[in-house]
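Protein chains in written order, with my numbering: chain A, 677 to 784; chain D, 677 to 784.
There are 2 protein chains.
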Amino acid sequence: MQRCCPPATVDLTDRSSHAALFKALGDPHRLTMIATLARAEDEVCVCDFTGALPLEQPTVSHHLKILREAGLVTCERRGTWVYYRLAADARDRIDAAFHSVIPQKVLA
Amino acid sequence: MQRCCPPATVDLTDRSSHAALFKALGDPHRLTMIATLARAEDEVCVCDFTGALPLEQPTVSHHLKILREAGLVTCERRGTWVYYRLAADARDRIDAAFHSVIPQKVLA
DNA sequence: GGCCTATATTGACATCCGCCGATCCAGCGG
DNA sequence: CCGCTGGATCGGCGGATGTCAATATAGGCC
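Below, the structure is given as structure tokens:
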């Protein structure tokens, strides 16, 4: 391979975990769930999602599982119902991933 | 369907465009490219990516196309080579998507 | 024009993803 | 204990995604 110019340095840090985070956010319905949880400072019942979203119950459950496995939400069963809330560090985790990829400009 | 408690309000704002942004970021190799471009304030030649990444040239080209279509990078051909750089508003676009989903806490 | 090289595009393939119906499991109430 | 209901899991289906080899395109250079 021939040279073009000053060879640029490719940052080869492993970012698969960050990519996984963004991937979990890469679906409109999951974003809706996250946005809802972020606004309802309180917890949200699964039945609220199944009621409001144009999705069948198994699909809702599937998306919630993905968010759970990404560590973005937590859940708690109380009686028949299951309540979800935004993970305490969700905002920080996303923020960290973002800034690790695009570092803060100093003295913009 | 039976009621559990106080019915929560699901935020039904359309977030497909934001989801598309996150989706473009949801691949480790694409994150590597973005991180490299963000650090090299200057432009980066495609050949630097094909040289450094464990991917064949068509695959690199494919990922760059996805980033281009997401509006995250721009490219310019000069002679035989093509140079990519981070789109001017890339940082702002991601930031906006993030905050639209998880609004800034006031008086944390 | 003809060849060489860097990048883009195409086609194919295996895998993953979003979705649903069917089924399973956990609490509740009789 | 039994049936009911909310939620999770399973199985399958169609479409998207990551990857590569092969080919096309574009710009030097002779």
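The beta-carbon is built from N, C-alpha and C at its ideal position, and this holds for glycine as well.
TODO: Going by DSSP, name the residue or residues bridged to A:Arg761.
DONE: A:Thr750
Task: Contact belief for D:Leu865 with D:Thr708 at Cβ below 8 Å, rounded distance in angstroms - done: Nothing can be reported for residue 865 of chain D, as the shown portion of chain D is limited to 677 through 784.
- [ ] Would you verify that the beta carbon of D:Asp765 is, or is not, closer than 9 Å to some beta carbon of chain A?
- [x] no
TODO: Tell me whether the beta-carbon of D:Leu762 lies closer than 9 Å to the beta-carbon of D:Leu697.
DONE: no
Open item on the list: I want to see whether chain A comes within less than 9 Å of D:Lys781, judged by CB atoms only; does it?
Closed with: yes
Open item on the list: Per the DSSP calculation, A:Cys721 is bridged to which residue(s)?
Closed with: A:Tyr759
Task: Short Cβ contact (9 Å threshold) for D:Asp724 with D:Thr712 - done: yes
Task: First and last residue of the uninterrupted alpha helix (DSSP H) at A:Asp768 - done: Ala766 to Val777
Open item on the list: On a Cα-Cα basis, can you pick out the residue from D:Arg691, D:His705 and D:Asp718 that is closest to A:Ile710?
Closed with: D:Arg691
TODO: Could you pull out every residue in the same chain whose Cβ sits closer than 8 Å to the Cβ of A:Val758, ignoring the five residues on either side in sequence?
DONE: Cys721, Val722, Cys751 and Glu752
Task: Interface flag, A:Cys751 vs chain D, CB-CB below 9 Å - done: no
TODO: Give a yes or no on whether the minimum CB-CB distance between D:Lys741 and chain A is below 9 Å.
DONE: no
Open item on the list: If I measure Cβ to Cβ from D:Ala700 and keep anything under 7 Å in the same chain, skipping five residues before and after, which residues do I get?
Closed with: Arg706, Ile742, Leu743, Ala746 and Leu748
TODO: Find the nearest neighbour of A:Cys681 within the set D:Arg715, D:Gly755 and D:Cys681, judged by alpha-carbon distance.
DONE: D:Gly755
TODO: Verify whether the separation of the beta carbon atoms of D:Ile778 and A:Ile778 is less than 9 Å.
DONE: no
Open item on the list: Suppose you measure from the CA of D:Ala766 to the CA of A:Asp718; what does that come to, to the nearest Å?
Closed with: 33 Å
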